[in-house]
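Colleague: Chain order of the listed sequences is B and L.
The numbering of the first sequence is the numbering used here, which starts it at 1 and goes up by one.
The numbering of the second sequence is the numbering used here, which starts it at 1001 and goes up by one.
Take a look at the following structure, please.
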Amino acid sequence: MKGCWVRVEAEGLNLERLIRKSAGAEIPIRRMLRKGDRRLRAVVPEDKYEALEQIAMEGGWRLRPLGRVGGGALLTKLGRRWGFCAALVLALCAIVLSTQVMWRVTLVDAGVYAADVSACLLEQGIRAPMWKHDVDTQRLREVLEWRYPDVARIDCGWRGMTLRVVMHAGLAEGETLTAEGSSDVIALRDGLIDSVVTVAGTAQVKAGDLVRKGDVLIKGVERTSGEGERFVAARGTVMARVWDGAAIRMPVRELDTVYSGRTQTVQTVETPWFDLWQTPSADFDACDTQMQRLALGGWLIPLTIRRETRHEYAMQEMPRDLSQVKTEAGIAAMRKLRQKVGFDAVLLDKWVEYSMIEYDELQAVAVCERIIDIAVCER
Amino acid sequence: MLAEAIFPKEVVADVPRITMIGTEQVRVEQHHGLAMYQPETILFRASGGQVRVTGKALRFLRYGAAEAVVTGEITGVTVEQVGKGGARA
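In structure tokens form, the structure reads like this:
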């Protein structure tokens, strides 16, 4: 192989003549060492070995190769261990590729914002491990600065394979963070805890607990590696079973018109301006009036006979069909409930409860059960 | 004259050029071949004579038609002219 050198050993008499002949054939010789009266070792280029061997054969010297030296020897060794070479190449490739991956995210001086910054990074889709070129540090810095206007400056950069987010809060000298800087997660409403996922802080409730509105669900305190505590802005998701209801009242009686059968008929002649004689008043307290008009003349004689027939009636409360009332009340209550919780809400269960109110009203209460996140950050 | 103006003197005169670095290395250029090689003595053929290098554990770093580099514990370099007394270094 060109570029490789091989150590050779020549044996015979008058080796100086061999050396002169090889020099005459433009065979460079290096590291030539005498090994006795009839032996000599030297290093020659591998591609010139055949020519040297020919010279030695012609002159009666014995020439034998002793092996490659230098880089050629290394190539020979590597050639025998191709598996090692392949593994070495793969390892080098893996090392190079690993430097292009973000393995860790470090928050520096985040203070009470530490948990929220972590959540924000997750919202932006930044989580280790991921490719470094998928992380836009400039955009991330802008997002964080927009999210935390109270922070003086935010730096996002790389330190090797670690994404560093440095927050410079710009606090006045001597001012330190106290418990007042932290915040808790409280219950938005009453509910039965189904699951708790704590992002920051310490959970105060567990699945199966009954909580009231305003109860602390996640406390904004975390234990440090020592015995100390640090105050954080608590964050997390607390799923709980909640029940919502909507009530509708509907009367079970209705007012209906009942005719007594008694009637009164009166008539008069009327002109466009006045009646010729006044009609008597109705003999009944309440009546329906049926009116008929009959024209006497044409447009030359504008007289009209008006005949009134009065039917006496009385308003009475009549009971309605209860099943019909329940159906209508149930539908109305469920519609009202849907308006309250949202038509796209996913309900675990729903039902309607009926009850009588003072024997003349039916109340329908529609109730639904669902699981929602009741965690809200206390401000 | 023109050759002397362009080429070094030793090239034109075809004489050996010997460069010695301390007592550990000597370079012999424009030799006419290796006459003898022993660990204590190396003899080069040269124009008008020969060059003898003496010492201990002498070995060649390079050997070629144009130059040879000898290393080892060099105790002397002698230029021996044919028919004349040698010049010793």
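Quick reminder that beta carbons are idealized off the backbone N, C-alpha and C, glycines included.
Considering only the beta carbon of each residue, do I218(B) and K206(B) sit closer than 8 Å?
Modeller: Not in contact: I218(B) and K206(B) (Cβ atoms no closer than 8 Å).
Colleague: If you draw a straight line from the alpha carbon of G1064(L) to that of E1024(L), how long is it in whole angstroms?
Modeller: Their Cα atoms are separated by approximately 19 Å.
Colleague: Looking at chain L, is there any beta carbon in it that lies within less than 8 Å of the beta carbon of L15(B)?
Modeller: At least one chain L Cβ lies under 8 Å of L15(B).
Colleague: Under the assumption that S183(B) contacts G220(B) (Cβ atoms under 8 Å), give the Cβ distance between them as a whole number of angstroms.
Modeller: S183(B) to G220(B), Cβ: 5 Å. Contact.
Colleague: Counting C-beta neighbours from all protein chains within 10 Å, is the total for V196(B) 16 or more, i.e. buried, or is it exposed?
Modeller: The residue is buried, with at least 16 neighbouring Cβ atoms inside 10 Å.
Colleague: Roughly how many angstroms separate the alpha carbons of E26(B) and K1056(L), rounded to a whole number?
Modeller: So the two alpha carbons sit approximately 28 Å from each other.
Colleague: Less than 6 Å between C-beta atoms, sequence neighbours within five positions excluded: which residues of the same chain meet that for R1045(L)?
Modeller: Closer than 6 Å at the Cβ level, and outside the excluded window around R1045(L), lie H1032, G1033, A1035.
Colleague: Would you kindly work out how many angstroms separate the C-alpha atoms of T176(B) and F231(B), rounded to a whole number?
Modeller: Any reading at T176(B) is ruled out, since the residue's pLDDT is 48, under 50, leaving its predicted position unreliable.
Colleague: Using 8 Å as the limit for Cβ to Cβ distance, is R1017(L) near chain B?
Modeller: Chain B contact via Cβ: absent.
Colleague: Could you give the distance in angstroms between the alpha-carbon of A382(B) and the alpha-carbon of K336(B)?
Modeller: The structure shown does not extend to residue 382(B), since chain B spans only 1 to 379, so no value can be given for it.
Colleague: Less than 6 Å between C-beta atoms, sequence neighbours within five positions excluded: which residues of the same chain meet that for M249(B)?
Modeller: Note on identity: in this sequence residue 249(B) is Arg, with Met being the wrong assignment. Excluding positions up to five away in sequence, the list reads E361, Q363.
Colleague: Does the stretch 333-353 of chain B come close enough to the stretch 308-323 of chain B that 3 or more CB-CB pairs lie under 8 Å?
Modeller: Result no; under three Cβ-Cβ pairs closer than 8 Å.
Colleague: According to DSSP, G67(B) sits in a beta bridge with which residue or residues?
Modeller: Looking at the DSSP assignment, G67(B) forms a beta bridge with R7(B).
Colleague: Output yes if chain B places a C-beta closer than 8 Å to the C-beta of Q1038(L); else output no.
Modeller: Answer yes: the Cβ-Cβ gap between Q1038(L) and chain B drops below 8 Å somewhere.
Colleague: At 9 Å on the CB atoms, spell out the chain B contacts of R1027(L), in chain order.
Modeller: Result: empty, since nearest Cβ-Cβ is about 14 Å, beyond 9 Å.
Colleague: Just to make sure I have the definition right: I need the residues of chain L whose C-beta is within less than 9 Å of the C-beta of G24(B). Which are they?
Modeller: In chain order: G1033, A1065.
Colleague: Any C-beta of chain L sitting closer than 8 Å to the C-beta of R104(B)?
Modeller: Closer than 8 Å: no.
Colleague: Let me check understanding here. Comparing Cα to Cα, which of R189(B), A73(B), R212(B), T106(B) lies closest to I374(B)?
Modeller: Ranking R189(B), A73(B), R212(B), T106(B) by Cα distance to I374(B) puts R189(B) first.
Colleague: How far does the alpha helix (DSSP H) with L348(B) in it reach, from first residue to last?
Modeller: Segment: none, L348(B) is in no alpha helix (DSSP H) and carries neither H nor E.
Colleague: In chain order, what residues of the same chain have a beta carbon less than 6 Å from the beta carbon of L417(B), not counting five sequence neighbours either side?
Modeller: Only positions 1 to 379 of chain B appear in this structure, which leaves residue 417(B) out of reach.
Colleague: Nearest to V165(B) by CA position, among P302(B), D275(B), V108(B), P45(B), is which residue?
Modeller: Of the candidates P302(B), D275(B), V108(B), P45(B), the one whose C-alpha sits nearest the C-alpha of V165(B) is V108(B).
Colleague: To the nearest angstrom, how far is it from the Cα of D283(B) to the Cα of A332(B)?
Modeller: Approximately 43 Å, taken between the alpha carbons.
Colleague: Consider the C-beta atom of Q316(B) and the heavy atoms of the ligand NAD; say whether any pair is separated by less than 7 Å.
Modeller: Looking at this structure, you won't find the ligand NAD or any other ligand, since it has none at all.
Colleague: Using a Cβ cut-off of 8 Å (strictly closer), state whether R1052(L) contacts chain B.
Modeller: Not one chain B Cβ lies under 8 Å of R1052(L).
Colleague: With a threshold of 8 Å between beta carbons, is L66(B) in contact with chain L?
Modeller: No, L66(B) lies away from the interface with chain L (no Cβ there is under 8 Å from its Cβ).
Colleague: Just the Cα atoms here: how many angstroms apart are I301(B) and V325(B)?
Modeller: Near 57 Å, if we compare the C-alpha coordinates of V325(B) and I301(B).
Colleague: Could you check how far apart the C-beta atoms of G63(B) and S22(B) are, in whole angstroms? I think they sit under 8 Å.
Modeller: The question names Gly, yet the displayed sequence has Leu at residue 63(B). With 8 Å as the limit, L63(B) and S22(B) do not qualify as a contact, their Cβ atoms being about 10 Å apart.
Colleague: Expressed to the nearest angstrom, what Euclidean distance is found between the alpha-carbon atoms of S260(B) and R310(B)?
Modeller: If you take the alpha carbons of S260(B) and R310(B), they lie about 11 Å apart.
Colleague: Just reading off the alpha helix (DSSP H) that L188(B) is part of, what are its end residues?
Modeller: First-last for L188(B): undefined, no H or E at that position.
Colleague: Tell me whether A247(B) sits in a helix, a strand or coil according to DSSP, three-state version.
Modeller: Three-state DSSP puts A247(B) in a strand.
Colleague: Quick one: does R39(B) have its CB under 8 Å from some CB of chain L?
Modeller: By this cut-off, R39(B) is not an interface position.
Colleague: If you compare alpha carbons, which of L121(B), V258(B), L294(B) is closest to C287(B)?
Modeller: Answer by Cα proximity: V258(B).
Colleague: Which chain L residues sit within Cβ distance under 7 Å of L33(B)?
Modeller: The answer, in chain order, is R1059.
Colleague: Nearest CA to the CA of M291(B): which residue from T271(B), R307(B), D150(B)?
Modeller: Closest by alpha carbon: R307(B).
Colleague: Just to confirm my understanding: we take V135(B), look at its own chain, exclude 5 residues before and 5 after, and list those with CB closer than 8 Å. What are they?
Modeller: Excluding positions up to five away in sequence, the list reads M102, I126, L163.
Colleague: Tell me whether the beta-carbon of T202(B) lies closer than 8 Å to the beta-carbon of E222(B).
Modeller: Cβ distance < 8 Å, so T202(B) and E222(B) count as in contact.
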